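A.B. asks: After the structure tokens below, expect a handful of questions from me.
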Amino acid sequence: MKCSRCGGRAEIKLRQHNASFCRDCFVPFLQRQVERSIEKHDMFTRDEEVLVAVSGGKDSFALWDILISLGYKTTGLHLSLGIGGYSDRSTEKAVAFAETRGLRMITLSLRDEGLAVDDATEFTKRPACSACGTLKRYYFDKLAYERGFPVVATGHNLDDEAARLLGNVLHWQMEYLGRQHPVLQPSHEKFVRKVKPLFRCGEYESAAYCFFRKIDYIIEECPNSVGATQLHHKKVLNQIEAVSPGSKLAFVQEFLDKAQPLLRDKAIEPPGTCASCGMPSHAEVCARCRLLREVESKRLARADRLRLQAIAAAELEPVGVAEPAISAASTSDQRDVDHT
Ligand code: AMP
Ligand code: ZN
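Following the working numbering, the numbering of the sequence shown begins with 7 at its first residue and continues without gaps.
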């Protein structure tokens, strides 16, 4: 197999592009692909400082590395989500990536903010992924707005976008389809532009990019993603791609070219403002503040229950706990008291 660019020995084959590359040619090829997406969709310019959301996974590291290589101005944003040890390991990777390259990165721990993803799972019946999505979106928006970044970039890739499109089409979610685009313009003064520069780049490509660039990323999957519907959709799309290379790219790109423009007016109304935190919201109180309230009230109820149990246990203690340890002497003392 020969490299389509230099004729040297190819190490990676991209069936959807009908091309093969050696590592030295693949890296600039992918960078150029991403640059084209950024320019074609006016995602951002080289004068704007881009807030890059980095999870510790391959896609967002590949994105950050590509943006830096292309000469864009960037700052990283990592959220330590509070999903058991998985989050700690992800944070370690993100911090190591930024530190070894001397990059600016904002790190925020959701546990320190009083509401980690694990709290939502423990105290509410909401699916973990839905709470996690709510919190991520909230802090991406909030931090970008508060720190004055004009744009947030995420590492959503072609597989994510194709799976999301399939999910939206299966249920004909017109509002979501109207908003599914690699560039989301702000619909509120506290929103900033949100972009997905990797939307044409498959997960295989971002993994290969990290491998060739020797980027150390977290390989383990989020424990909450097990059984997630999106994973089923990805599996189905991979089966289609195997028999018909290029299907995923065509599915997403042709949706964007042909159908999405017709659906834009189906997108939901612009949001109002959350009465609790002042961030944009479609309801009186935003999804994150509602989640916080629910967790806090359940936390208080649990603390009350535990306190009552402790009081009840203390009441029982002289009989229930002390009895087996009673010596002969103290037993007679007790009897004496009883007889008085
Ligand atoms: P996911 O929602 O996990 O598929 O991730 C999609 C994108 O969201 C990633 O490529 C990142 O850009 C961003 N992201 C996910 N998790 C985090 C995190 N903990 N901190 C910062 N950005 C994240
Ligand atoms: Zn709020």
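Don't be surprised by glycine CBs; every beta carbon is placed ideally from N, CA and C. None of the values given here were measured: they were computed from a predicted structure.
Could you check where the beta strand (DSSP E) with residue 115 kicks off and where it finishes?
C.D. replies: The residue labelled residue 115 in the question sits at position 109 within the sequence shown. Looking at the DSSP string, the run of the beta strand (DSSP E) that includes residue 115 is 111 to 115.
A.B. asks: Quick one: what's got a C-beta closer than 6 Å to residue 209's C-beta in the same chain, skipping five residues either side?
C.D. replies: Start at 1 with the first residue of the sequence shown, and residue 209 comes out as number 203. Around residue 209: 163, 165.
A.B. asks: Return yes when the C-beta of residue 59 is under 6 Å from any heavy atom of the ligand AMP, and no when it is not.
C.D. replies: Taking the sequence shown and counting its residues from 1, the one referred to as residue 59 is at position 53. Yes, since a heavy atom of the ligand AMP falls inside the 6 Å radius drawn around the Cβ of residue 59.
A.B. asks: Return the bridge partner residues of residue 86 from the DSSP annotation.
C.D. replies: Residue 86 sits at position 80 when you count from the first residue of the sequence shown. Answer by DSSP bridge pairing, in chain order: 115.
A.B. asks: Would you say residue 139 and residue 96 are within 7 Å of each other, going by their C-beta atoms?
C.D. replies: In the sequence shown, residue 139 corresponds to position 133, counting from 1. In the sequence shown, residue 96 corresponds to position 90, counting from 1. The answer is no: Cβ separation not under 7 Å.
A.B. asks: Could you tell me the alpha carbon to alpha carbon distance between residue 170 and residue 319, rounded to whole angstroms?
C.D. replies: Position 164 of the sequence shown, counted from the first residue, corresponds to residue 170. Position 313 of the sequence shown, counted from the first residue, corresponds to residue 319. Roughly 52 Å separates the two Cα atoms.
A.B. asks: Hey, residue 203 and residue 22: beta-carbon distance below 7 Å or not?
C.D. replies: Stepping through the sequence shown from its first residue, residue 203 is reached at position 197. Stepping through the sequence shown from its first residue, residue 22 is reached at position 16. Not closer than 7 Å, so no.
A.B. asks: Would the beta-carbon of residue 296 fall within 7 Å of that of residue 144?
C.D. replies: On the sequence shown, position 290 is the one that residue 296 refers to. On the sequence shown, position 138 is the one that residue 144 refers to. Cβ distance not < 7 Å, so residue 296 and residue 144 don't count as in contact.
A.B. asks: Mind the definition here: the region 273 to 288 touches the region 184 to 197 only if three or more C-beta pairs lie below 8 Å; say whether that holds.
C.D. replies: Judged by Cβ distances under 8 Å, the region 273 to 288 makes contact with the region 184 to 197, as three or more pairs qualify.
A.B. asks: Comparing C-alpha positions only, which one of 125, 81, 59, 118 sits nearest to residue 306?
C.D. replies: Taking the sequence shown and counting its residues from 1, one reaches residue 306 at position 300. Minimum Cα distance to residue 306 is reached at 125.
A.B. asks: Which residues in the same chain have their Cβ closer than 6 Å to the Cβ of residue 282, if we skip the five residues on either side of it in sequence?
C.D. replies: Translated into positions along the sequence shown, residue 282 becomes position 276. Hits under 6 Å: 291, 295.
A.B. asks: Can you tell me whether residue 123 is buried or exposed, with buried defined as 16 or more other CB within 10 angstroms of its CB?
C.D. replies: As a first step, residue 123 is located in the sequence shown; it is residue number 117 there, counting from the start. Result: buried.
A.B. asks: Taking the beta carbon of residue 178 as the centre, do at least 16 other beta carbons fall within 10 Å, making it buried, or is it exposed?
C.D. replies: Here residue 178 refers to the residue found at position 172 when the sequence shown is read from its first residue. Exposed, by the Cβ-count rule.
A.B. asks: Quick check on DSSP: helix, strand or coil for residue 20?
C.D. replies: For the purposes of this step, residue 20 is taken as residue 14 along the sequence shown, with counting starting at 1. Residue state, collapsed to three classes: strand.
A.B. asks: Three-state secondary structure (DSSP) at residue 153?
C.D. replies: Within the sequence shown, numbered from 1, the residue matching residue 153 stands at position 147. In the structure shown, residue 153 sits in coil (DSSP, three-state: anything other than H, G, I, E or B).
A.B. asks: Starting from residue 347, trace the alpha helix (DSSP H) in both directions and tell me its first and last residue.
C.D. replies: Absent from the model: residue 347. The displayed extent of the chain is 7 to 346, so no value can be given.
A.B. asks: Can the beta-carbon of residue 81 be found less than 7 Å from the beta-carbon of residue 107?
C.D. replies: Counted from its first residue, the sequence shown places residue 81 at position 75. Counted from its first residue, the sequence shown places residue 107 at position 101. The answer is no: Cβ separation not under 7 Å.
A.B. asks: To the nearest angstrom, report how far apart residue 180 and residue 232 are at their CA atoms.
C.D. replies: As a first step, residue 180 is located in the sequence shown; it is residue number 174 there, counting from the start. As a first step, residue 232 is located in the sequence shown; it is residue number 226 there, counting from the start. So the alpha carbons of these two residues sit roughly 27 Å apart.
A.B. asks: Could you pull out every residue in the same chain whose Cβ sits closer than 7 Å to the Cβ of residue 237, ignoring the five residues on either side in sequence?
C.D. replies: Taking the first residue of the sequence shown as position 1, residue 237 is located at position 231. Here the set comprises 231.
A.B. asks: Shortest alpha-carbon distance to residue 128 belongs to which of 90, 156, 19?
C.D. replies: Along the sequence shown, one-based indexing puts residue 128 at 122. Nearest C-alpha to residue 128: 90.
A.B. asks: Leaving out five residues on either side along the sequence, give the residues of the same chain with a beta carbon under 7 Å from the beta carbon of residue 194.
C.D. replies: Here residue 194 refers to the residue found at position 188 of the sequence shown. So the list reads 276, 277, 286, once near-sequence residues are dropped.
A.B. asks: Hey, how far is the Cα of residue 206 from the Cα of residue 154?
C.D. replies: Working through the sequence shown from its first residue, we reach residue 206 at position 200. Working through the sequence shown from its first residue, we reach residue 154 at position 148. Going by the C-alpha atoms only, they are around 28 Å apart.
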